[in-house]
Amino acid sequence: MFFIDTHCHLDAAEFGGTQFQLISDALTQQVTTIVVPSVAAHNFAAVRALAQQHATCAAAYGIHPLYVAQATHDDLHTLRAFLREGEAVAVGEIGLDFYVANVDAAQQQFFFAEQLKLAREFDLPVLLHVRKAVDAVLQNLRQHKVRGGIAHAFNGSRSQADALIKLGFKLGFGGAMTHNRALRIRELAATLPLDSIVLETDAPDMPPAFLVRGEANKPEYLPRIAQTLAALRGISLEQVAEATTHNALSVLALLRR
Numbered sequence: 007m008f009f010i011d012t013h014c015h016l017d018a019a020e021f022g023g024t025q026f027q028l029i030s031d032a033l034t035q036q037v038t039t040i041v042v043p044s045v046a047a048h049n050f051a052a053v054r055a056l057a058q059q060h061a062t063c064a065a066a067y068g069i070h071p072l073y074v075a076q077a078t079h080d081d082l083h084t085l086r087a088f089l090r091e092g093e094a095v096a097v098g099e100i101g102l103d104f105y106v107a108n109v110d111a112a113q114q115q116f117f118f119a120e121q122l123k124l125a126r127e128f129d130l131p132v133l134l135h136v137r138k139a140v141d142a143v144l145q146n147l148r149q150h151k152v153r154g155g156i157a158h159a160f161n162g163s164r165s166q167a168d169a170l171i172k173l174g175f176k177l178g179f180g181g182a183m184t185h186n187r188a189l190r191i192r193e194l195a196a197t198l199p200l201d202s203i204v205l206e207t208d209a210p211d212m213p214p215a216f217l218v219r220g221e222a223n224k225p226e227y228l229p230r231i232a233q234t235l236a237a238l239r240g241i242s243l244e245q246v247a248e249a250t251t252h253n254a255l256s257v258l259a260l261l262r263r
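Going left to right, the sequence shown walks through residues 7 to 263 as my numbering numbers them.
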């Protein structure tokens, strides 16, 4: 039994220089693979270094929608250069976020579309960030068809979930699912087809309910998060591990390397 953390910001400043210990602790909990997405051009190199130094880590490169305000066209050229190196398992974290006030929606749309084009160019799946923008994301995905990917921290409706699944996407569930008040997320986790679900921590963010307030999330907590999914679906932890690992490998095919 082993697990894949499909979304973990292991390079985050909150972790300081403790990445080796974090990876070691994750391995003791059978978390054997950690996908580390970028958020902007300035951290592409840090993510690449983690993937090169630790066999447990896999890199994804992309410009997060909340970072596009500082992004330039040159950053897209930088992204293409990193993708050309061939080690990325996905383009991400990319998408749309209309939750935050006063965002430049047009600029987000431009960078999202351009990065979807790059995903098509390099035949890579994408790691989606979607907040209050699922329909807009779906519109872009239908216009710029990619080889699927993962809708990270999905919190949309069942019909939106079904639309993403139809386009070849898996849906990421993590710490939010462990909170009793997250009724919609827990309902989706319990009722979506099991073959559409992957696990994630989004560490150091999206802390699960069992952590003390203010404590950073870590990849080693993934199996405890998975226990919630098992309980919601009435299946064993082993079944959750087997299914979600298979799902992650099917959508992020380069992880098999």
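Even glycine gets a Cβ: it sits at the ideal position worked out from N, Cα and C.
Computed from a predicted structure; not experimentally measured.
- Secondary structure at I156: strand, using DSSP grouped into helix, strand and coil.
- Judged by DSSP secondary structure, L228 falls within the alpha helix (DSSP H) whose first and last residues are 228-239.
- The Cβ atoms of L205 and T62 lie no closer than 8 Å to each other.
- According to the DSSP secondary-structure assignment, A65 is paired through a beta bridge with V42.
- Secondary structure note for H83: its alpha helix (DSSP H) is the uninterrupted segment 79-90.
- Within the model, the alpha-carbon separation for I241 versus L235 is close to 8 Å.
- Exposed is the label assigned to Y105, since fewer than 16 other Cβ atoms lie within 10 Å of its Cβ.
- For L228, the closest C-alpha among the options D141, V53, L261, T38 is that of T38.
- Here the region 77-95 makes no contact with the region 142-152; the two share fewer than three CB pairs at distances below 8 Å.
- For the 8 Å CB-CB criterion, V140 and G154 do not form a contact.
- Collapsing the DSSP output to three states places H135 in a strand.
- Between P213 and G181 a beta carbon distance of about 5 Å is seen, short of the 8 Å cut, so the two are scored as contacting.
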